[in-house]
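Numbering (my numbering), first residue to last: 38 to 320. Each residue gets a CB set at the ideal place from its N, CA and C atoms; glycine is no exception. If you're wondering where the values come from, they're calculated on a predicted model, not measured in any experiment. Heads up, the thing below is written out as structure tokens.
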Amino acid sequence: MGHVAAVHLLLELYPSCADIRDNRGRSFVHVAAMKGRSSVMSYVIKSKMLEHLLNMQDKEGNTPLHLAVAAGEHKVISKLLACKKVHTHMMNNAGRTPSDLIEDSTGFYSMIKLVVKLYISGARFRPQRQDHIEKWKGQDIMKWRETTSKNLAIVSTLVATIAFSAAFNVPGSYGSDGKANLDGDRFYNAFLVLDTIAVTTSVVATILLIYGRASRTNRSWIGFIVSMHFLWVALNSMMLAFFMAIAAVVSDKNPMKIALSQLMYGRMAQIILQYYYFEHESS
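So, in structure tokens, the structure goes:
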């Protein structure tokens, strides 16, 4: 399904095969969306002959966008949302739009990314069909965000408080001249840098979360996702700062210092790789 050249050749020789469906009423576009074949999706979007397949529904009423959202395929979703031919408000047989299927995707951050993308594109959340009346309303997603923002603001405030206090209760204490006894130590300097990052990012996250609760614009969703990134950095920086503080006060001959050093460097590499992987998968 991922070989665009093969798809192009097949459709050129047998154009009618584009409308072939499986026993679930799904075309090759449905499968490509579900499997994350973004190159095939780009080809379909550019082809006028295949235009009608973008909003085709299977036996359950799902469009390719429905299946892409349910599978959490961000690249395919971005391409479909950028195409004006795609109808983001179409409901399946259960009365659910693509936006309603976000809850079926795995991962908290993945869900947040999908909410932001669909909300900015103008997709509707929880519309009702006359034959599928539900208690959910469009305001439920806003209430969820407000509740989550409130809880995360508490967390970011606690992180800021702890990190701020740590800056004045430094490892090794102060000398009679008022300067830190460990001033110049590489682990101590690393502690100060990480603690400063933790304070700054947690304060920024708190500001964004408070602003988002008071705002009702699309920018508030962007601020919400950005605050999540800042809070993630703050928590990891605070954890690494703790390791650095322990390493700074431990004797150089102590095997624990070597173990902590290896743990810190390994954790930093893991954090960078995790962040890169998350951004790559979500883009």
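Query: Three-state class that DSSP yields for Tyr211 in the structure shown; Result: strand
Query: Those runs of the alpha helix (DSSP H) which lie wholly inside the region 255–317 and span at least 4 residues; Result: 255–286
Query: Whole-angstrom distance between Ala105 and His266, CA atom to CA atom; Result: 24 Å
Query: Glu49, enclosing alpha helix (DSSP H) - first and last residue; Result: Val41 to Leu50
Query: Sequence-distant residues of the same chain with beta carbon closer than 6 Å to Ile82, five excluded per side; Result: Cys120
Query: Supposed close pair His45, Tyr80 - CB separation, criterion 8 Å; Result: 7 Å
Query: According to DSSP, residues forming a beta bridge with Ala217; Result: Tyr211
Query: Sub-9 Å separation of Gly62 and Glu110 beta-carbons; Result: no
Query: Cβ-based burial, Ser53 [other Cβ within 10 Å; buried from 16]; Result: exposed
Query: Assigned secondary structure, Asn226 (DSSP; H/G/I helix, E/B strand, else coil); Result: helix
Query: Delimiting residues of the alpha helix (DSSP H) encompassing His103; Result: Pro101 to Ala108
Query: Enclosing alpha helix (DSSP H) for Leu91 [first to last residue]; Result: Leu91 -> no alpha helix (DSSP H), and no H or E assigned at all.
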